[in-house]
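K.L.:
This structure is in structure tokens; I'll ask about it shortly.
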Amino acid sequence: NAGVTQTPKFRILKIGQSMTLQCTQDMNHNYMYWYRQDPGMGLKLIYYSVGAGITDKGEVPNGYNVSRSTTEDFPLRLELAAPSQTSVYFCASSYYGTSRSDTQYFGPGTRLTVL
Amino acid sequence: AQKVTQAQTEISVVEKEDVTLDCVYETRDTTYYLFWYKQPPSGELVFLIRRNSFDEQNEISGRYSWNFQKSTSSFNFTITASQVVDSAVYFCALSVRDVGSTLGRLYFGRGTQLTVWP
């Protein structure tokens, strides 16, 4: 049971390039999330998904896109990378999502630098 | 509005000292949950504890203990006899359901960097 896995671990992009951050979970969780963590800050929610085919915006969605074609996978797409998107990105999953008590389990993170 | 404040940005202690990490939260919800996560130097986020708003009993797990006080909106975390391996960033988080949303959303504090010196 690997939990939540993310690839790549590190990436450097040039301004204007695009890339997809991959996230997979094997816990059969319904809810999945993408967060970004800027230096000295807590995590901020980018997008989330309540199940295959259903996604919604979080607090900071601009510049990102997501899709959820399967229960296991929740990729995050950056179309035109900007320096402001330099951050550490975390994917997380939880079983219920609607419950305040639901614990979110996090992947190891992807450190992205845009130059 | 929901908010989590971790006023201590960095704390340094020497091994075997006790240390308390403070967490103060704001919410108008009467039902909410509080969490602590640990982020070691390797970068992943590790779940430590979850506590609901109706349970003010303190919790102890080995060298870790948590003190939840609703009257002061605080959920403090104490490490007893700290060890070098406790060095990490610790995040406090609040889970509520925003008005009009079906999502139980996590709000994070900025984290406290704990360094334990040998």
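Chains P and S, in that order, give the protein sequences. With our numbering applied, the first sequence corresponds to residues 1 to 115, in that order. With our numbering applied, the second sequence corresponds to residues 116 to 233, in that order. Where is the CB? At the ideal position from N, CA and C, for every residue including glycine. Since the model is a prediction, treat every value here as computed from it, not as a measurement.
Using a Cβ-Cβ cutoff of less than 7 Å, which residues in the same chain neighbour S/N167 once the five nearest sequence positions on both sides are dropped?
P.N.:
Contacts found: Y148.
K.L.:
What beta strand (DSSP E) runs, 3 residues minimum, are completely inside the stretch 14-70 of chain P?
P.N.:
With a minimum length of 3 residues, the continuous beta strand (DSSP E) runs that stay inside the stretch 14-70 of chain P are 19-25, 31-37, 43-51, 54-57 and 64-66.
K.L.:
Going by other Cβ atoms of all chains shown within 10 Å of its Cβ, with 16 needed for buried, is S/V214 buried or exposed?
P.N.:
Result: exposed.
K.L.:
Would you please verify whether the beta carbon of P/T103 is less than 9 Å from any beta carbon of chain S?
P.N.:
It does; some Cβ of chain S falls within 9 Å.
K.L.:
Cα-Cα, which of S/D144, S/A196, S/C138 and S/T193 is closest to S/K223?
P.N.:
First, the residue type needs correcting, since residue 223 of chain S is Phe and not Lys in the sequence shown. Of S/D144, S/A196, S/C138 and S/T193, the residue nearest in Cα terms is S/C138.
K.L.:
DSSP three-state label for S/V214, please.
P.N.:
S/V214: coil per DSSP, three-state reduction.
K.L.:
From S/E159, S/D201 and S/T187, pick the residue whose C-alpha is nearest to that of S/V231; which is it?
P.N.:
If we check each option's Cα against that of S/V231, S/D201 comes out closest.
K.L.:
For P/T7, collect the residues of the same chain with a Cβ closer than 7 Å to its Cβ; drop the 5 residues on either side in sequence, then sort them by chain order.
P.N.:
Contacts found: Q22.
K.L.:
Anyone know if the C-beta pair for S/Y140 and S/Q117 falls short of 9 Å?
P.N.:
Their beta carbons are under 9 Å apart, which means S/Y140 touches S/Q117 by this criterion.
K.L.:
Taking the continuous beta strand (DSSP E) assigned at P/V114, which residues delimit it?
P.N.:
Its beta strand (DSSP E) spans residues T110 to V114.
K.L.:
Determine the DSSP secondary structure at S/T227, reduced to helix, strand or coil.
P.N.:
Here S/T227 sits in strand by DSSP.
K.L.:
Which residues in the same chain as P/S87 place their Cβ atom closer than 7 Å to its Cβ, once the five residues preceding and following it in sequence are excluded?
P.N.:
Result list for P/S87: R36, Q37, D38 and L112, in chain order.
K.L.:
Is the Cβ-Cβ distance between S/E159 and P/F106 less than 9 Å?
P.N.:
The answer is yes: Cβ separation under 9 Å.
K.L.:
If we cut at 9 Å on Cβ distances, does S/F190 have a partner in chain P?
P.N.:
False, the Cβ-Cβ gap to chain P never drops below 9 Å.
K.L.:
Determine contact between the stretch 48-57 of chain P and the stretch 24-34 of chain P, defined as no fewer than three beta-carbon pairs at a distance below 8 Å.
P.N.:
Yes, they touch.
K.L.:
Which residues in the same chain as P/V60 place their Cβ atom closer than 6 Å to its Cβ, once the five residues preceding and following it in sequence are excluded?
P.N.:
Taken in chain order, the residues that qualify are K44 and I46.
K.L.:
Per DSSP, which residues does S/F169 bridge with? Please list them.
P.N.:
In the DSSP output, where bridge partners are listed per residue, S/F169 has none listed.
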